[in-house]
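Notes follow once the structure below has been shown.
In structure tokens:
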């Protein structure tokens with residue numbers, strides 16, 4: 011491991027994985043933690059619980075399509091929602107920089123309240139710390155969230171049920187969040203109307219899970235993007251994942267900006283998307299349900315799980331070629347969430 | 002993206018691939034010189050579309066990859082000075098020097114800022130001078146070929162015009178044709194050059210004439226979309242099969258035979274050629290650009306004297322041979338084991354445009 015913490019350690023890609031495995035898991039021996047799912051799932055006497063935590067350091071704090079407050083709620087809610095649980099309670103801890111305008115803080119708090127109401131989650135505990143000017147950047151938010159599993163729903167963060175032939179679905183266009191935040195940065199002289207996809211997905215996910223059986227796995231492709239989730243599926247199951255580039259939804263302006271700046275959209279963060287692996291027999295029905303919802307109207311089947319290419323993700327490129335998709339290895343864009 | 006999609010149409014691609022297959026009889030090795038081309042070839046899986054007798058090899062056209070360890074060591078030394086702010090393209094951050102990298106120095110507290118153009122660096126210098134009234138110097142790491150050299154030249158001229166006394170450029174700018182010549186002189190086996198599109202927008206096509214005439218190697222200046230690359234390969238194969246050796250421009254929508262005269266003039270005015278060290282190729286005559294004496298007040302090498310550690314080359318690394326196209330990334334013992342994008346040993350793994358990084362990311366099986 012490196013001697014100092016580098017920006018890449020926060021990328022969600024290979025460097026983050028190395029830090030987690032070589033340092034945190036070396037000291038923390040919990041069998042639940044070891045699974046490294048978005049939410050920790052554990053049993054109580056009456057039901058299963060999902061428990062998660064997250065921190066938000068996005069720069070700038072206000073961006074097109076959202077702000078750090080909305081992002082904190084959505085990010086936490088989605089980590090619980092993709093496990094299959096219904097998010098219920100959230101905690102919020104603020105680390106504030108001396109001199110941060112109260113009016114900006116109020117704007118953030120108002121946005122948190124609004125998003126929490128929409129998602130039907132309650133902020134039930136919190137904490138505030140203030141540090142000297144220059145010791146943090148405006149505001150950082152740490153959250154925790156708890157959710158409860160409906161009786162019929164199993165932990166969707168586990169990959170044990172994934173089989174060859176299963177179908178991979180995404181609920182809309184990729185790379186919106188990362189490119190929206192980037193183009194909102196002042197030092198970055200680019201004007202665009204790209205909006206972050208930042209949204210709570212719990213209602214949409216429950217709509218699918220309550221209507222249909224056969225969903226096998228879910229994860230939200232945040233830092234590290236769609237590619238990272240697909241690589242995790244392939245490497246954990248030792249099966250192949252075959253994806254068609256043409257079927258991956260993308261907004262035209264996002265694609266153009268990625269093209270212009272040389273970013274691979276597969277690795278750019280999303281904040282209102284889930285990747286779902288489902289049994290082939292229900293794929294069309296799931297797409298039908300998703301298409302009826304604002305947050306799923308651009309849903310698409312993007313590929314399948316296969317016995318070929320074990321442990322690898324293979325992309326059928328837009329021009330008919332094939333290539334391997336690998337884990338993000340450096341930092342693509344720091345401080346995106 | 003209408004302006005791009007026509008260059009990625011599956012039908013068009015299939016047609017060109019069929020045309021290539023129809024005329025191609027000889028076993029050939031074609032070199033794409035430019036790192037941008039390498040990326041497109043890997044990203045779209047172009048190699049998987051071509052018949053087996055056509056081999057594509059990656060050349061030395063990634064500016065980060067050919068930048069020497071010595072250069073990085075000196076940049077690291079600058080970054081350790083209290084009164085220096087380093088401004089650089091992000092790609093250079095990870096490049097390993099002898100004992101450190103700019104990324105590591107930043108983590109240790111050096112003021113190193115990633116910029117997207119020299120104009121951002123000038124903006125920082127302006128602010129430092131006017132608002133903060135500080136003595137700090139802003140050093141821009143000028144790397145790249147004929148493509149970025151004109152912007153560095155323009156930046157230096159702007160600094161002079163505005164009397165920005167705290168702005169300096171540390172030049173590692175290089176010229177493409179000497180490297181292309183060196184590869185042939187070193188007897189690297191190749192039958193055709195896919196010449197760099199962006200470099201050629203500045204230089205024009207004439208700078209490659211000597212390659213076609215003197216060495217009997219066809220040159221096609223290629224664009225950066227899949228259709229461009231395949232059309233260029235077709236044009237090269239056609240020349241090879243017909244025993245013709247000339248320079249052709251496929252990337253006509255951007256490249257003119259005479260190039261961009263204004264940009265050429267800018268380079269001429271601010272820089273002069275010097276012998277320069279290329280990673281993997283060694284010292285090539287008149288292949289680098291030094292800031293002319295007339296502008297020496299903006300030349301970091303003239304203005305900041307600093308003690309630099311002894312440069313140590315990494316053991317087992319075959320980047321040099323990979324840059325020459327003699328070996329392939331998978332021939333390297335370090336590749337994928339010790340040397341990964343997260344912890345690059347050699348330069349080809351550092352830049353996203355490097356042959357090893359592209360191979361690792363897109364083609365590792």
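Chains as they are written, first to last, in this note's numbering: chain A, 11 to 347; chain B, 2 to 366.
We treat Cβ as the ideally placed atom computed from N, Cα and C, and that holds for glycine.
- Residues 334, 335 of the same chain have their beta carbon placed closer than 7 Å to that of residue 317(B), with the five preceding and five following residues left out of the count.
- Look at the region 223 to 252 of chain B: the residues with a C-beta under 7 Å from a C-beta of chain A are 227.
- Looking only at 132(A), 295(A), 182(A), 219(A), the smallest Cα-Cα distance to residue 160(A) is reached by 219(A).
- Between the region 334 to 351 of chain B and the region 301 to 318 of chain B, the count of Cβ pairs shorter than 8 Å is three or higher; the stretches touch.
- The Cβ-Cβ distance between residue 157(B) and residue 271(B) falls below 8 Å.
- With a beta-carbon spacing of about 16 Å, residue 289(B) and residue 204(B) fall beyond the 8 Å limit used to define contacts.
- Listed by position along chain B, the residues whose Cβ is nearer than 9 Å to that of residue 18(A) are 95, 104, 343.
- Neighbours of residue 148(A) across chain B, judged by C-beta separation under 9 Å, do not exist; the nearest C-beta is about 19 Å away.
- Within the same chain, Cβ atoms closer than 6 Å to the Cβ of residue 125(A) are found at 80, 83, the five residues on either side in sequence being excluded.
- Under the three-state reduction of DSSP, residue 194(B) is assigned to strand.
- The straight-line gap separating the alpha-carbon atoms of residue 142(A) and residue 85(A) is approximately 27 Å.
- For residue 135(A), the closest Cβ of chain B is not nearer than 8 Å.
- Interface residue (Cβ-Cβ distance to chain B less than 8 Å): residue 330(A) is classified as such.
- Taking 8 Å as the cut-off, the beta carbon of residue 181(A) is found no closer than this to the beta carbon of residue 276(A).
- Residue 206(A) is positioned such that its CB atom lies no closer than 8 Å to that of residue 70(A).
- For the pair residue 209(A) and residue 282(A), the CB atoms are nearer than the 8 Å cut-off.
- Inter-residue distance for residue 296(A) and residue 311(A) is about 10 Å (C-alpha atoms, whole angstroms).
- Not flagged as an interface residue toward chain B: residue 108(A), since no C-beta distance is shorter than 8 Å.
- Straight-line measurement puts the Cα of residue 188(A) at about 34 Å from the Cα of residue 83(B).
- Between the alpha carbons of residue 192(A) and residue 178(A) lies a gap of roughly 28 Å.
- Rounded to whole angstroms, residue 339(B) and residue 93(A) show a C-alpha spacing of 36 Å.
- Within the DSSP bridge table, the entry for residue 274(B) names 290(B) as partners.
- Contact annotation: residue 178(B) and residue 345(B) have beta-carbon atoms that are not nearer than 8 Å.
- When Cβ-Cβ separations below 8 Å define contact, residue 334(A) makes contact with chain B.
- With three or more CB-CB distances shorter than 8 Å, the region 226 to 233 of chain B counts as touching the region 41 to 58 of chain B.
- For the alpha helix (DSSP H) assignment, the uninterrupted runs of no fewer than 4 residues enclosed by the region 185 to 222 of chain A are, from N- to C-terminal side, 186 to 194, 212 to 221.
- Secondary structure note for residue 103(B): it is in no beta strand (DSSP E), and the uninterrupted alpha helix (DSSP H) holding it is 103 to 108.
- A contact between stretches requires three or more CB pairs, one per stretch, nearer than 8 Å, and the region 101 to 112 of chain A meets this requirement with the region 126 to 145 of chain A.
- Among the residues facing chain B, residue 201(A) is not included, as its CB has no counterpart in that chain under 8 Å away.
- Bounds of the alpha helix (DSSP H) holding residue 181(B) are 177 to 186.
- Residues of chain B with a Cβ closer than 8 Å to the Cβ of residue 191(A) do not exist, since the nearest Cβ in that chain sits about 16 Å away.
- Note on geometry: alpha-carbon atoms of residue 281(B) and residue 20(A) lie some 33 Å from one another.
- Looking at the DSSP output, residue 48(A) sits in no beta bridge, so it has no partner there.
- According to the DSSP assignment, residue 270(A) belongs to the alpha helix (DSSP H) that extends over 262 to 271.
- Between the beta-carbon of residue 305(B) and that of residue 24(A) there is about 36 Å, and that puts the pair past the 8 Å contact cut.
- Rounded to the nearest angstrom, the gap between the Cα atoms of residue 207(B) and residue 246(B) is 14 Å.
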